[in-house]
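K.L.:
Numbering (my numbering), first residue to last: 690 to 1178.
C-beta: ideal position from N, C-alpha, C; glycine also.
Sharing a structure below in structure tokens format, with a few things to ask.
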Amino acid sequence: MKPLNLMLCALLLAPVTLLPAASGDLARWERSLVTLEVNSQGYNYIQPWTRRSQSTQKSGVVIGPRSILTTAEQLNDLLLARVQKGGRGRWYPAQLEWIDYHANLALLTSDDEEFWQGLRPASLMTKIPLSGDARVLRWREGKIEARKMEINRARIETGRQTFIDIMHLELNGEVPGVGFGEPVIDGSRIIGIMEAPAGSGGLAVPAPFIKSILDARTKGDYRGLGFFNFYWQRAENPETLKALKMEQTDHGVIVIQPLAKIGEESILKARDVILEIDGFEIGPEGDYQDPIYGRTMLEALATRGRWAGDGVPMTIWRDGRQMEIEYKLPKAEFTDEMIPDKVFDQPPEYLIAGGFVFQPLTVPYLESWGGDWQRRAPFRLAYLKQAIPTEKQEALVVLSVVLPDPYNLGYQSIRGLLVREINGRKIVRLPDIEAALKEPRDGFHIIEFARGDSPGKIVLDAGDLSAATARVLQRYGIDQDRLILGDSN
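Shown next as structure tokens:
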């Protein structure tokens, strides 16, 4: 972790090269560059019982026998995929072979033998340029479009599909509509895969990072990405270093909050000074000299040929002396977050009781307030994104909306409230609500919300709940009163 602390009309401004598929130095790419059509399931977290299909086109590149590389984005909740070669003509069925959302990488294949005829793999660079010109490729109207971009630098950035920091390649250049898996090339080789637009350019997943994962996967060694689960601060204050009895003051960062998954304990302690990680000296600003990416932040060392579960050697300063430890990389998993950043390959969970709609609190739910949800969503809910799960509170449930019915008269306007207890039972997940509603108190259901929420409590007639729920489902055309993963009801 890091320290605490419409498309524009630019076609005339951006350098564009539109080359026929069989001309110039780009001719080789007509046999590697493909177009993907992805049809997936979309969900509405305000009405979680509804769903829609959505279609996206993106780029892919052949990088091995019967293997197409692209980004993982838009491939979640996949219904159907097709692939096209040569920029036009027939579409072939495609199948998802492997996906890693945290790395934002995916491999697809096709079982149609005709598709692979004439195609050849492109190669990934193991040492990439950190400056100079590059080109971004995609098929447009049967021609390869090559857009010139300038490589700016490599940098650590939170991934598009994850909460952890991974290596990115920053490129400058006005190129509208990129960020859909287009290869970034230097001549005949791949420098990276475009992940997202950013400012006046874009970010790409760099080829060495991709290659290390694919190689490990081929060997059977890839176990997913790990990360450094602690907060740190710069070791710049001489008085702080003096208090820590530091003999060397020219490098190292101070651990201010070590974290661990529930049931585990971090080998690091608060006030530890990290001097080296995996043999690389850590500077006082938290960076190190990487042989591929140059000067970059220490978070890169968690994914530099290391995977979840691997031990990473560290040299630290603790209690006035230097010592060696091995830090075990925890696996990046959305289910370990109190408020998950992403929910992939599953519909949103919900439970409806008497018109009251309960849902797990997740970032996809908060995104119902729009791209600026951090500002527009209820402050309490948005603020809780920073919360760390504990054994007593691993997750949160929210009363998202009330579907009007005589049973809930007077409560129709309440929404976005954290559910604390129902009938005296603490609520952490939706099954807790299921269990609580089976045990009314003196003929009533008592729903209590987080302190400070208004209303703080509502009381409902337990005897009318089932009839009210059935009435609401019929009135609003909802097929079932709940969707709880693993639930047998």
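(1) If I follow the unbroken beta strand (DSSP E) through Ala1042, where does it start and stop?
(2) Which residue from Trp828, Gly753 and Val1086 puts its Cα closest to that of Glu1038?
(3) Going by DSSP, name the residue or residues bridged to Pro1002.
(4) Output needed for Asp1094: all residues of its chain with C-beta closer than 8 Å, excluding positions within five of it in sequence on either side, in chain order.
(5) Any heavy atom of the ligand FMN closer than 7 Å to the CB of Gly913?
(6) What residue range does the alpha helix (DSSP H) around Gln1163 cover?
(7) Relative to the alpha-carbon of Trp738, which residue among Leu796, Leu1040, Leu1107 and Leu987 has its alpha-carbon at the smallest distance?
(8) Any beta carbon of chain D sitting closer than 8 Å to that of Gly972?
(9) Helix, strand or coil: which one does DSSP assign to Asp875?
(10) Taking DSSP as the reference, what is the three-state secondary structure of Asn728?
(11) Could you check the C-alpha separation between Ile1014 and Val962 for me, to the nearest Å?
(12) If you draw a straight line from the alpha carbon of Leu990 to that of Tyr911, how long is it in whole angstroms?
(13) Please classify Leu1174: is it buried, with 16 or more other beta-carbons within 10 angstroms of its beta-carbon, or exposed?
(14) With 16 as the cutoff for other CB atoms within 10 Å, does Ala783 come out buried or exposed?
(15) Provide the residue(s) that pair with Tyr977 in DSSP beta bridges, ordered along the chain.
(16) Given a threshold of 16 other Cβ atoms within 10 Å of its Cβ, counted over all protein chains shown, does Arg836 qualify as buried or as exposed?
(17) Alpha carbon to alpha carbon, what distance is there between Glu1083 and Ile902?
(18) From Glu1080, Tyr1054 and Lys1081, pick the residue whose C-alpha is nearest to that of Leu1070; which is it?
(19) Using a 10 Å radius around the Cβ and a threshold of 16 neighbouring Cβ atoms, would you call Pro704 buried or exposed?
(20) Taking Cβ positions, are Leu722 and Thr759 nearer each other than 8 Å?
(21) Tell me whether the beta-carbon of Ala811 lies closer than 8 Å to the beta-carbon of Tyr790.
(22) Could you check what DSSP says for Gln946 in three-state terms: helix, strand or coil?
(23) In this structure, how does DSSP classify Glu928 when only helix, strand and coil are distinguished?
(24) Per the DSSP calculation, Phe1047 is bridged to which residue(s)?
(25) Arg1064 lies in the alpha helix (DSSP H); which residues open and close that run?
(26) Taking DSSP as the reference, what is the three-state secondary structure of Asn1112?
(27) With burial defined as no fewer than 16 other Cβ atoms inside 10 Å of the residue's Cβ, what is the status of Glu871: buried or exposed?
(28) Which value, in whole angstroms, describes the spacing of the CA atoms of Gly848 and Gly888?
(29) When DSSP labels each residue in this structure, what does Ala792 get in the three-state scheme?
(30) Helix, strand or coil for Tyr734? Go by DSSP, reduced to three states.
(31) Can you find the residues in the same chain that come closer than 7 Å, C-beta to C-beta, to Ala1124, ignoring five residues on each side of it along the sequence?
(32) Please state whether the Cβ-Cβ distance between Val1108 and Phe1047 is less than 8 Å.
(33) Specify whether the segment 882-900 and the segment 934-948 touch according to this definition: at least 3 beta carbon pairs, one from each stretch, less than 8 Å apart.
(34) Taking the C-alpha atoms as reference points, what is the distance between Arg1065 and Tyr1072?
(35) Ignore the nearest five residues each way along the sequence and tell me which others in Arg1007's own chain have a CB closer than 6 Å to its CB.
(36) Sort out for me which residues DSSP pairs Tyr920 with in a bridge.
P.N.:
For this structure:
(1) Tyr1039 to Ala1042
(2) When C-alpha distances from Glu1038 are compared across Trp828, Gly753 and Val1086, the shortest belongs to Val1086.
(3) The secondary-structure analysis by DSSP pairs Pro1002 across a beta bridge with Glu1015.
(4) Leaving aside the five residues that flank Asp1094 on each side, the residues in its chain whose CB is nearer than 8 Å to its CB run, in chain order, Gly1043, Gly1044, Ala1157, Arg1160, Val1161 and Arg1164.
(5) Looking for the ligand FMN in the displayed structure turns up nothing, as the structure carries no ligands at all.
(6) Leu1154 to Arg1164
(7) Leu1040
(8) Here chain D cannot be found, since the structure has a single protein chain.
(9) strand
(10) strand
(11) Going by the C-alpha atoms only, they are around 12 Å apart.
(12) 16 Å
(13) So Leu1174 ends up on the exposed side.
(14) Under a 10 Å Cβ-count criterion, Ala783 is classified as buried, with 16 or more other Cβ atoms of the shown protein chains found around its own Cβ.
(15) Thr985
(16) Answer is buried; the Cβ neighbour count reaches 16.
(17) Rounded to whole angstroms, the separation of the alpha carbons of Glu1083 and Ile902 is 31 Å.
(18) Tyr1054
(19) With a pLDDT of only 43 at Pro704, under 50, the local geometry of the prediction cannot be trusted, and the value read off the model is given with reservation. Exposed, since its Cβ has fewer than 16 Cβ neighbours within 10 Å.
(20) no
(21) no
(22) strand
(23) helix
(24) Leu1040 and Leu1088
(25) Trp1062 to Arg1065 is the span of the alpha helix (DSSP H), which, as asked, contains Arg1064.
(26) coil
(27) That one is buried.
(28) Taking the straight line joining both Cα atoms gives about 16 Å.
(29) coil
(30) coil
(31) Arg1114
(32) Cβ atoms of Val1108 and Phe1047: closer than 8 Å.
(33) no
(34) 11 Å
(35) Asp961
(36) Gln946
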